[in-house]
Each structure stands twice: as C-alpha cells, then as structure tokens.
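Worksheet: one structure, shown below.
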Amino acid sequence: MNQIIDKGHFKPDNNFHIEIGNAISEIPYIETIPKASKLKQYFIKQKYRFQFFVSLFVAIIFIAIFFYHVQTNKAQEKLSKDLLKNYSLTTLYHEKNLDSTKTNKSNFVIENPFVIGMIKIAKINLNYPILSESNSDLLKISLCRFAGPMPNEVGNLCIAGHNYVDNKFFSRLAELNKNDTIEIYDLAGKKITYFVTDKYEVNPSDLSCTNQDTNQSKVITLLTCNNVNGKRTVVKAIEK
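Each position in the sequence shown, counted from 1, maps to that position plus 1 in the working numbering.
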C-alpha cells in the first residue's frame with residue numbers, strides 16, 4: 002500500500018525548482034504589444050516631433066524680430082546723432098545771421114528749421130535733437146515738438162518721444178523726480194535749465210497737459226507712452 006501511495010505522489014526537491022526556473026529564463030521574449038498600441042505610440046512620437054519643430058520655428062521668428070529691432074534702433078540712433086550735427090550747423094548759421102543783420106550785409110533768415118533745438122537730461126543720460134513738428138515718421142527719428150512755442154520762449158513747449166525698451170528716447174523718463182534738471186538749447190545755442198515740478202499719468206485722449214496758459218512762464222512738458230498700462234507719462238518742468 003505504501004509503495005502505491007509513493008508512486009502516486011510526486012515530491013519535487015530543490016534541484017527540480019532550480020532546473021524549472023532556468024528553463025523558463027531561457028525562453029525567448031516575444032513582444033506582445035497589440036498593433037493598436039504601436040500605432041498610438043507612433044502618433045505620439047509624431048506629435049512631439051511636430052511640437053518641437055513648431056517651437057523651433059517660433060523661436061527663430063522671435064530671434065529674427067529681435068535682431069531687426071536692434072538694427073532699426075541703431076539706425077535711428079545714428080540718425081539722431083547726425084541731426085545733432087545738423088543742429089550745430091543750424092546754430093552756426095543762426096549766429097552768422099545775427100552778425101550779418103547787425104552789419105546790414107545780409108538778410109539771410111532760416112525759416113521753418115527741421116531741428117529747432119536740443120534737450121539734455123544728465124540724470125537719465127539723454128541727449129537728442131528736438132524736431133520742429135510731430136508725426137509718426139519723425140517720432141521714429143528723435144524727439145518732436147508736439148505743441149507750444151519754439152525752445153526757450155514763453156509758453157508750454159510740449160516734447161513727445163517714443164518709449165523704447167532698450168533705453169532709447171524717452172524710455173527712462175519715469176525715473177525723473179521733482180527738482181531734477183532738464184536743459185533745453187535753442188537755435189542760438191542758448192541754454193536754459195528747467196526744474197521738474199510734477200510727474201503723472203493721463204489717458205491718451207487727455208491733452209490738458211498741453212495747455213498754453215503759463216502766466217508768462219517758460220514751461221517744458223515731456224510726454225511718452227507707458228508700455229505697461231497704455232497711459233501717457235507726463236513730466237512738467239519750469240524755468241526758475
């Protein structure tokens with residue numbers, strides 16, 4: 002009876018388990034991912050590849066715009082420097098004209114000069130010619146007379162300028178504070194120093210800052226855009 006029982010029951014030992022484990026490990030791996038999953042992975046890879054190329058294209062566009070902006074600003078800055086030379090020549094002719102008038106040798110008169118003066122603000126390292134009138138093309142070149150009299154005359158001379166992010170034209174105008182100085186040169190080369198009295202912001206449609214009622218004083222109003230909130234930054238200064 003015991004022999005029959007022994008023959009009917011198999012009792013594996015430890016060596017048997019080891020041999021079975023080795024045999025299983027030698028079975029080659031067969032990939033069982035369904036075809037649908039492979040197709041899905043393919044489209045995911047294509048999606049990421051497409052996003053990469055789109056991002057690369059956008060980055061190239063932004064870099065090109067940046068370098069174009071830099072080159073444009075350099076050209077504008079060079080033109081402004083050339084206009085400063087123009088201002089020096091205009092001043093020279095103006096002085097000669099005054100001398101000629103005194104000696105009655107000539108009646109030479111400069112009418113409607115393109116450059117009417119120069120503005121210097123040491124605190125923000127600003128030095129630009131003032132153009133005689135204001136329009137979209139001239140505002141790309143330099144600061145422009147927006148309203149009011151010629152430089153250093155009685156009234157409210159309003160000077161407008163673009164606010165460039167790379168510290169060109171009036172981009173640092175907001176750094177001025179009360180009692181900071183602004184120097185204005187006229188066509189005769191005469192300099193008058195103005196002292197800042199106020200700084201504030203207005204809506205683009207608000208032109209009250211150009212009012213010419215100055216009580217016979219010489220006033221300077223500087224205007225530029227606030228690129229953050231879309232308002233206008235206004236700086237007022239007066240001769241003391």
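Note that the Cβ used here is the ideal one computed from N, Cα and C, for glycine as well. If you're wondering where the values come from, they're calculated on a predicted model, not measured in any experiment.
**Message:** Quick check on this structure: which residue in Ile239, Gly156, Ala175, Ala123 has the alpha carbon closest to the alpha carbon of Tyr165?
**Reply:** The residue given as residue 165 occupies position 164 in the sequence shown. Measuring C-alpha to C-alpha distances from Tyr165 to each of Ile239, Gly156, Ala175, Ala123 identifies Ala175 as the nearest.
**Prompt:** For Ile193, which residues from the same chain have a beta carbon less than 6 Å from its beta carbon, with the 5 sequence-adjacent residues on both sides left out?
**Reply:** Position 192 of the sequence shown, counting from 1, holds the residue named residue 193. Only Asn153, Ile185, Glu240 meet the Cβ criterion.
**Request:** Leaving aside the five residues before and after Lys200 along the sequence, list all residues of the same chain whose C-beta is less than 8 Å from its C-beta, in chain order.
**Result:** Within the sequence shown, residue 200 is the residue found at index 199, counting from 1. Closer than 8 Å at the Cβ level, and outside the excluded window around Lys200, lie Ala175, Leu177, Asn178, Lys179, Thr234, Val235, Val236, Lys237.
**Of the listed residues Ala161, Lys46, Ser135, Ala189, nearest to Asn227 (C-alpha basis)** = Locating residue 227 in the sequence shown gives position 226, counting from the first residue. Cα-wise, what sits closest to Asn227 is Ala161.
**Prompt:** Where does Ile142 sit, in a helix, a strand or coil, going by DSSP?
**Reply:** Counting from one through the sequence shown, the residue named residue 142 turns up at place 141. Correct three-state label for Ile142: coil.
**Asked** Is Glu154 helix, strand or coil by DSSP?
**Response** As a working mapping, residue 154 is identified with position 153 in the sequence shown. Glu154: coil per DSSP, three-state reduction.
**Asked** DSSP on Leu223, reduced to helix/strand/coil?
**Response** Within the sequence shown, the letter at position 222 stands for residue 223. If DSSP states are grouped into helix, strand and coil, Leu223 belongs with the strands.
**Asked** Nearest-angstrom Cα distance between Cys210 and Asn230?
**Response** For the purposes of this step, residue 210 is identified with residue 209 of the sequence shown, where counting begins at 1. For the purposes of this step, residue 230 is identified with residue 229 of the sequence shown, where counting begins at 1. Cys210 and Asn230: Cα-Cα distance of roughly 19 Å.
**Item:** Cβ separation of Thr198 and Val155, assumed to be a contact under 8 Å, to the nearest whole Å
**Value:** Here residue 198 is taken as the residue at index 197 of the sequence shown, counted from 1. Here residue 155 is taken as the residue at index 154 of the sequence shown, counted from 1. With 8 Å as the limit, Thr198 and Val155 do not qualify as a contact, their Cβ atoms being about 17 Å apart.
**Request:** Return yes when the Cβ of Asn136 is within less than 8 Å of the Cβ of Thr222, no when it is not.
**Result:** If you number the sequence shown from 1, residue 222 lands on position 221. If you number the sequence shown from 1, residue 136 lands on position 135. In this structure, Thr222 sits away from Asn136, with a CB-CB distance that is not shorter than 8 Å.
**Prompt:** Closest to Glu134 by CA distance: which of Ala148, Lys191, Ala65 is it?
**Reply:** To locate residue 134, count along the sequence shown from 1; it is residue 133. For the residues Ala148, Lys191, Ala65, the minimum Cα distance to Glu134 belongs to Ala148.
**Prompt:** Roughly how many angstroms lie between the CA atoms of Ser151 and Phe171, to the nearest whole one?
**Reply:** Residue mapping note: residue 151 aligns to position 150 of the sequence shown, counting from 1. Residue mapping note: residue 171 aligns to position 170 of the sequence shown, counting from 1. As written in the sequence, residue 151 is Met, which differs from the Ser given in the question. Distance between the alpha carbons of Met151 and Phe171: 20 Å.
**Rounded separation between Leu144 and Pro130 - CA only** = The sequence position of residue 144 within the sequence shown is 143, counting from 1. The sequence position of residue 130 within the sequence shown is 129, counting from 1. When rounded, the distance between both Cα atoms is 7 Å.
**Prompt:** Measuring CA to CA, which of Asn126, Phe58, Gly118 is closest to Asp187?
**Reply:** Along the sequence shown, one-based indexing puts residue 187 at 186. Per the Cα distances, Gly118.
**Asked** Which same chain residues, not among the five before or five after Asn105, have their C-beta less than 8 Å away from its C-beta?
**Response** Position 104 of the sequence shown, counted from the first residue, corresponds to residue 105. For Asn105, the predicted model reports a pLDDT of 43, less than 50, meaning its position is unreliable and no value from the coordinates is stated.
**Prompt:** Hey, how far is the Cα of Leu57 from the Cα of Leu224?
**Reply:** Along the sequence shown, read from residue 1 onward, the residue named residue 57 stands at position 56. Along the sequence shown, read from residue 1 onward, the residue named residue 224 stands at position 223. For Leu57 and Leu224, the gap between their C-alpha atoms comes out near 39 Å.
**Cβ neighbour criterion (16 or more within 10 Å) applied to Val110** = Along the sequence shown, one-based indexing puts residue 110 at 109. At Val110 the pLDDT is 40, less than 50, meaning the model places this residue with poor confidence; the figure from the coordinates comes in the next sentence. Exposed, by the Cβ-count rule.
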